[in-house]
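Protein chains in written order, with this note's numbering: chain A, 1 to 387; chain B, 388 to 774; chain C, 775 to 1061; chain D, 1062 to 1348.
Virtual Cβ for every residue (Gly too), placed ideally from N, Cα, C.
If you're wondering where the values come from, they're calculated on a predicted model, not measured in any experiment.
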């Protein structure tokens, strides 16, 4: 789960990392009140869960009250990569002497968290990695011992930080790591961490990604989920215990298992890509395939108005495919979809399952023997070319 | 540093271990008020930093108001092993169905904390170790991973705890370990941990020893030190940065270094033991031997009215013994002690140092060339037999 | 021969009295596995599918002589169950549980890296492993497999069943099928399983099924290039997944431009691996 | 030969700019030690006694080629300094710092027990070690020693100086004198040092100086009985100490009836060790 900048900075602040004293506004008037509290100039920053908001005009420095009014008005309601901006963060504008990058991330291969820092702050770290890889310093952390003081000094030394700032840098790095551990984060990032002209270190921007697998033990963070920033269907799917990610294609996919779900999506693209056809979603219905869960999944898929056909791909393993087929038909009759549906059943009793589907003689419901055939039929159907 | 029962139980309670709801009284009236609050019967328990208070009559169950008055009156002011009882804990009397022993201690050889438990609670664990060693269960704890849930189940199983209590036992064990770690304890002990007739688990008695080396980071615990329970001279020594432990002999010792200080004590006993003569104290004056520190140490030693002679044993290493000798004479002239003092200087420039002492011609100030000679002279002096 | 487990493996089921534990215990027994007992704290003395239930792994090992376990306990208790199994000295632990917090898994992972540990952990969040005709530790449907000489290693569940089923249908039996799981830090990685297949006399060819996210397939490619003599075919899922979005598995996410199908397929091809665009091509690529 | 350190040992001083660090750096240099530099975070670029000061151990090692360090930083920073030295790959680390919280030391101790670590840690709360005529790492007064063939290992500080001084005065020079420190969990214990002396061709006889508390001397006795061929003399301090009271050193406390001088002396005598009642007897016992 990704946190908004203001949420991440809220957690930073709670753990002792200095952040600007700004607040969040949902209207222009609120933005003006906050700006009056903290004084001009201010930075008005769109709170959206995507990168590139700066380039999209979602971050502006306002030096007058008119500018606060103008920029807040422009940014609130703006679209950035399909997401509407509902909130802005109004922060005091800092006098920046130096910008640093500082993050704690997970190194999968090492199975360890790693402190990453760079003197090249303020730009995307992938850009630095590409242009100037030697400017990125990595210090691995023993998860059982935590970040040693000496490690923060090694990093401070390696990024050529003036020694006057070592202690503040060490405190911030240790707190950032604590923030990472205590909140079950998989990423905590400060970019930029700035040294102001007054010699203070401040986390000007913040990013946090929380381990979804651990959200159950962080009710406070789980409650921060911004439902307005998420597709409504995704919210409903999560509530139904279904893994669903909305995409931009035309073929709705319903699959049991994440790997097979990705593969099914890939097949629609493989056979439809040349015609601009691809998956409308990722959907993993999980184990078994009871009629009510299938029905819920169907409704979620069909709530996407781009969907032109649906591909259901179920591998019957311990659950037998004939049972799955019966559940499918029941769900179909409940939801009564108005687009063609291709069902491919594989595994145990797949032949019997296919027969049940065919025998049901439902218009718009087609069987397929292989994934290849199913994907091809779904592409045809999406193009309106399947009878 | 040892904590009182009520202090240990206060820390237990804070961390979530169930303890009785009693409070501490310093007068009979206070004890009555507490007993009225919690209801009869109550247990009145002397709060002294020594074992064996039960045998000494320091723990009594009071079933009537008269008994509360009587027992509180008797116990307050009682002497238990040289210590006056200034406080009693008034706890509700529990209906005990079973008594268990549970502790976290340090295993020096393994370099690990160890959870120790026994179904034989309520008696001293050394007694159990002696009579029925197989009844003591030890589970080693990885200090970097903490106490695993499964370990508490292994212990619960090994002490034949009824399964209905496993969860409560696991919670208490984990909290006891947390209490150990978070407070830098070297021992946290619940003895007995009882199961009441009502099926509740309660820590009826508690003991904690805190690592003196870590007290600097636990101001709250350092402030719990009971100065009334400690020799006044020990308090003054601690404030002067001197390690001092009052003992019961007649020869005051002043030494630089803990090992040499123990050895010096041992020598007085070796040569005086047959005549009932031995060390009056342990005193490590630390590095160097400036005149003011020597003077402070001398005053502390002489505040013990049992002292009949003083043995000063200083190994001049990097500090030269002749310098030490000059400091000694200055301190001597400041304090003007009225008992014989034997000074033994060894190491660098020891001969010059001895000459300085001898040349000073101070009555009651005697030099010695070896530790053996010094100890023998100190014993003679304590017997009044040194001219 | 097979790898990891065979008919001599004595298996405990941790969490045997739960719904999943009960069901799959029955399935495992039906597919030839020597299940010797189970563990559920507080339920020692019960019986499930004719097998004794113990309160602790320690007791269960002492009494049954088990040398492996399959963990079905829910995610929040999974790390404790893994530590219990490791500390009891089991040779093989298969953790089906999902979701397991990454931080919990990190502790287990680093604990296993210490020299004194001899336990092999598969998972978590994995379907387990299947040595057709000999043993099944986990939830891979036994019917999909068939004894033979193809080694299968995969991050996925049902996608693996598909591929194994297709192999069996094409007459290509398997030595062992290993699902290592789709979490970012698995107990056992591709390279370790590939090494086992390379060393296993029964295994002649290998199938690797990967997905987007992380660098595990790149490391596998480097290993194959340097150390493998047996032919390998592969499929990588997630070609159509957009960056920055988690596709079901905690590990299946393209971050900072790393972990795309393209990169992985390219590295594997360069290592001489035949990479399928469509998993149904795999039996053909092994001919 | 000597053990642990000789004239080829290149020594860093951690905490070199502090009062103690500065003073003992001078002392160490005077007694032949090859001090190559020091470390104090934030003071890199300064010079102490003609030796360069660095901000981190890593830099210091890169530039000076140091393979050992002596730590003089105050107790609260001691664990971090030990980890820094260990992670920089030094062969030998001598930690003088006192007091070091036991919990901090436990972390260091268990970290060292992992297989990958090659560092030998002496201390904390110890006087360090002295190889007369070659190297001194710590605060043992160099003048007390004299090159020779007696190995000395001790929990104590000044008591050790006494004994070493007495040995030298009696014409018995030392191979190496090692103060392991009086804390409950030292980085290196008696047995490890005894093994080194047993293996060292220069060492012919060994002196062990123990004290009350713990079982270290009992373990030493067991080791001597089983594995030592060289004669050992010993003294144990604290015969007159009452149970339950800490005698200066954090480790010097008789708890639960364990760790008395009697028990220890008995075990040592049983192992063939000559045990002195009075430390001034030791040179005589070595004849």
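In angstroms with no decimal places, state the Cα-to-Cα distance between residue i and residue j.
i	j	result
residue 73 of chain A	residue 234 of chain A	29 Å
residue 13 of chain A	residue 148 of chain A	21 Å
residue 1277 of chain D	residue 1245 of chain D	9 Å
residue 62 of chain A	residue 1045 of chain C	55 Å
residue 1289 of chain D	residue 1241 of chain D	19 Å
residue 1202 of chain D	residue 1225 of chain D	10 Å
residue 1041 of chain C	residue 1034 of chain C	11 Å
residue 998 of chain C	residue 968 of chain C	8 Å
residue 408 of chain B	residue 472 of chain B	21 Å
residue 241 of chain A	residue 885 of chain C	33 Å
residue 225 of chain A	residue 82 of chain A	18 Å
residue 385 of chain A	residue 260 of chain A	26 Å
residue 324 of chain A	residue 979 of chain C	33 Å
residue 603 of chain B	residue 986 of chain C	51 Å
residue 335 of chain A	residue 213 of chain A	32 Å
residue 1271 of chain D	residue 1168 of chain D	25 Å
residue 854 of chain C	residue 862 of chain C	12 Å
residue 107 of chain A	residue 893 of chain C	23 Å
Taking Cβ-Cβ distances shorter than 9 Å, what residues in chain D pair up with residue i?
i	result
residue 148 of chain A	1140, 1141, 1144, 1145, 1148
Please report the residue range of the beta strand (DSSP E) in which residue i lies.
i	result
residue 189 of chain A	185 to 196
residue 976 of chain C	Element bounds for residue 976 of chain C: n/a, residue is neither H nor E.
residue 631 of chain B	630 to 633
residue 281 of chain A	281 to 284
What in chain A is Cβ-close to residue i, meaning under 9 Å?
i	result
residue 1058 of chain D	With chain D running from 1062 to 1348 in the structure shown, residue 1058 of chain D is simply not present.
residue 917 of chain C	317, 318, 347, 348
Residue range of the alpha helix (DSSP H) that residue i falls in?
i	result
residue 423 of chain B	415 to 425
residue 850 of chain C	849 to 861
residue 163 of chain A	First-last for residue 163 of chain A: undefined, no H or E at that position.
residue 797 of chain C	793 to 804
residue 236 of chain A	232 to 239
residue 357 of chain A	350 to 360
Report the neighbours of residue i on chain C: residues whose CB is nearer than 8 Å to its CB, in chain order.
i	result
residue 532 of chain B	857, 881, 885
residue 212 of chain A	873, 1020, 1024
Below 8 Å on C-beta distance, what does residue i contact in chain B?
i	result
residue 1088 of chain D	705
residue 865 of chain C	The premise fails here: residue 865 of chain C is roughly 18 Å from chain B at the closest Cβ pair, so nothing lies under 8 Å.
residue 1066 of chain D	Under the 8 Å cutoff, chain B gives no residues; its nearest Cβ is about 19 Å from residue 1066 of chain D.
residue 1130 of chain D	Here the premise fails: no neighbours, minimum Cβ distance about 20 Å.
Check the Cβ-Cβ distances between residue i and every residue of chain F, and say whether any is below 8 Å.
i	result
residue 849 of chain C	Of the protein chains in this structure, namely A, B, C and D, none is chain F.
Give the interface partners of residue i over in chain A, defined as CB-CB distance under 7 Å, in chain order.
i	result
residue 1119 of chain D	154
* Asked: According to a CB-to-CB cut-off of less than 8 Å, which residues of the stretch 452 to 463 of chain B neighbour chain C?
  -> none
* Asked: Can you give, in chain order, each stretch of the alpha helix (DSSP H) that sits fully within the stretch 1271 to 1347 of chain D and has at least 4 residues?
  -> 1277 to 1288, 1322 to 1331, 1343 to 1346
* To do: Can you give me, in chain order, the residues of the stretch 537 to 558 of chain B that have a beta carbon less than 7 Å from any beta carbon in chain C?
  => 537, 540, 541, 544, 550, 553
* Could you name each continuous alpha helix (DSSP H) segment of 4 residues or more that falls completely within the stretch 475 to 525 of chain B, going from the start of the chain to the end? => 512 to 518
* To do: Below 9 Å between beta carbons is the criterion; list the residues of the stretch 932 to 945 of chain C that meet it against any residue of chain A, in chain order.
  => 932, 933, 934, 935, 936, 939, 940
* Asked: Just by C-beta distance, which residues in the stretch 791 to 816 of chain C are closer than 9 Å to chain B?
  -> 815, 816
* Runs of beta strand (DSSP E) wholly within the stretch 1190 to 1220 of chain D (minimum 3 residues, chain order) -> 1196 to 1199, 1208 to 1215
* Asked: the stretch 1272 to 1283 of chain D: which residues have C-beta closer than 9 Å to a C-beta of chain B, in chain order?
  -> 1272, 1273, 1274, 1275, 1276, 1277, 1280
* Quick one: which residues of the stretch 1046 to 1060 of chain C get their C-beta closer than 8 Å to a C-beta of chain A? List them in chain order. => 1051, 1052, 1053, 1054
* Near-chain B residues of the stretch 1234 to 1253 of chain D - C-beta to any C-beta below 7 Å -> 1243, 1245, 1246
* **3 or more residues per run - each beta strand (DSSP E) lying fully within the stretch 1229 to 1261 of chain D** => 1235 to 1240
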